[in-house]
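A short worksheet on the structure shown next.
In the numbering used here, the protein residues as written are 22 to 557.
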């Protein structure tokens, strides 16, 4: 097929993929609710950003006067390239119904369609708010021409980043296919790198303040002058425009030339990935052996729910990809982890014990309880048709989460003894933490049953089902807030600083009633969902 036909078919594929994604966003009322909450959250931030952009437009007298223009002109294209690689790994490395599509059109048309659809999806998430800020800045400057010139400058940059990011993502997927043993190592390295980046970001502000280092000067070190000159072309025809430099023309020519080359490389990489079989080392000589029956150790073997809990734990160990959603805790734990380093003496022990309980309550519910029906999707019909009562299935997941959370709470309390915390205080904290783990697990399985997710998502070449982001946020805020309140009451109680007044009794009773009532109600709701679940 000719390039013109491939572009025409690719645009049709991209349009179909984009419309299907858009219908997926709006087809589920719960997903619409999540989108509305997200829009309200980020829309509030946008309302504060628009007046700032308007004032900057009014006060700007030159391109260099725009704050952080040079580093942003360099980092934003790099961010677009990285985002394109990540989205290729996560979503657009393959197309649905590939057997039919690849027999109907050339792979180049499929690549064009996938890239076009992804650019359309990202324009909904990022293009609309960024465009709103740019329009506001242009109105403040009194030059609406900036909107058109900015779009003309951004188009070659976005297209070049999209095709080369897609090529890079496909290359990584090919590498993971050829070196299957490298996949776990890369995941571990990626997790450690993300944790290190989040932790380092907590010290960045303190370092800048203590070292008297200017943020403007720090970011200016990453500015790439030719790229900055090219982005400055967006201000042509505006009051702050400056003469066009040869570097800007050279970057424009390079972007125009590299885009079709990147498309050719992407097509070749994708064709190799789609039309070759994965390598299975020693497939002919390796023999799978079974170790016999499944037996749970004590104390899990004492009751049926315990044996189910042991099976859930074993499956989690064998398939760690199911637990990838737990990484969101890094963004909440890192600020408190760095805060621990700033304390010393008597304050460090209670903080360590409290951090252990907080982490324990999070793991008790989030590990196996936030998507119970979705996690059981492959074998859910079999489970519901067995003689095992629904209560045993629900309690099995509860015990699996508690089995992970309770040791963390106890370990944190034991470590706090080494930091001048008494044995009585540590024991009380561990006991309260154990109770909170059970309450958190009951609450998690309830809200997880209310909004199950069955669709698998591809992340770094691994298909896995993750809980809803909305469910994760609700769980974090409810359980996090309840845990902090409970820890404060526990600490004041063990130190003898609690004053028993009628007001305290009413407030504490309300807290216990809400904690126990909501947790037990969630547990009962999960039982009801299991018992009344129907297979469509």
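Glycine residues also receive a C-beta, built at the ideal position from the N, C-alpha and C atoms.
The stretch 99 to 108 makes no contact with the stretch 275 to 286; the number of CB pairs closer than 8 Å stays below 3. Annotated three-state conformation of residue 504 is helix, per DSSP.
Boundaries of the alpha helix (DSSP H) around residue 139: 128 to 143. The beta carbon of residue 252 sits closer than 7 Å to the beta carbons of 94 and 174 from its chain, once the five residues preceding and following it are set aside; these are given in chain order.
The stretch 281 to 290 makes contact with the stretch 126 to 138: 3 or more CB pairs, one atom from each, lie closer than 8 Å.
Going by beta carbons, residue 296 and residue 137 fall outside the 9 Å limit. Less than 9 Å divides the Cβ of residue 422 from the Cβ of residue 387. In this chain, the alpha helix (DSSP H) harbouring residue 191 covers 166 to 199. C-alpha of residue 110 to C-alpha of residue 119: approximately 17 Å in a straight line.
If you compare the alpha carbons of 439, 329, 442 and 447 with that of residue 393, the shortest gap goes to 329.
Judged by DSSP in its simplified three-state form, residue 536 adopts helix. Taking all protein chains in view, the Cβ of residue 27 is crowded by 16 or more other Cβ atoms within 10 Å, so the residue is classified as buried.
Separation of residue 177 and residue 171 (C-alpha to C-alpha, rounded to the nearest whole angstrom) is 11 Å. Residue 375 sits buried, since 16 or more C-beta atoms from the chains shown fall within 10 Å of its C-beta. The criterion of a C-beta distance shorter than 9 Å is not satisfied by residue 398 and residue 326. Take the alpha-carbon of residue 529 and the one of residue 384: they are about 25 Å apart. As the crow flies, the alpha-carbon of residue 65 is around 40 Å from that of residue 281. A straight line joining the alpha-carbon of residue 243 with that of residue 269 spans about 18 Å. Contact between residue 391 and residue 496 holds, with the beta-carbon distance rounding to 6 Å and staying under 8 Å.
In terms of Cα proximity to residue 548, the closest of 82, 409, 332 and 42 is 409.
In this structure, residue 164 lies near residue 258, with their beta-carbon atoms less than 9 Å apart. In the three-state reduction of the DSSP assignment, residue 531 falls in the helix class.
In the three-state reduction of the DSSP assignment, residue 485 falls in the strand class, which pools E and B. In the structure shown, residue 38 falls within a helical segment according to DSSP collapsed to helix, strand and coil. DSSP places residue 146 in the helix class (H, G or I) of the three-state scheme. Apart from the 5 residues on each side of it in sequence, residue 488 sits with its Cβ closer than 7 Å to the Cβ of 346, 391, 392, 469 and 474 in its chain, given in chain order.
The Cβ atoms of residue 75 and residue 161 lie closer than 9 Å to each other. Residue 63 and residue 99 have their C-alpha atoms roughly 23 Å apart. The beta carbons of residue 454 and residue 471 sit about 26 Å from each other, so the pair does not count as a contact at 8 Å.
For residue 493, the CB contacts under 8 Å within the same chain, skipping 5 residues up- and downstream, are 346, 349, 387 and 391 in chain order. Our two residues, residue 50 and residue 57, have alpha carbons roughly 10 Å apart in a direct line.
Counted as a single uninterrupted DSSP element, the stretch harbouring residue 440 is not any alpha helix (DSSP H), since DSSP gives it neither H nor E. Residue 504 places its beta carbon less than 9 Å from that of residue 382. Each residue's CA atom was taken as its position, placing residue 185 and residue 260 some 34 Å apart. Excluding its 5 nearest sequence neighbours in each direction, residue 541 has C-beta neighbours in its own chain below 7 Å: 463, listed in chain order.
Taking the C-beta atoms as reference points, residue 246 is found no nearer than 9 Å to residue 485.
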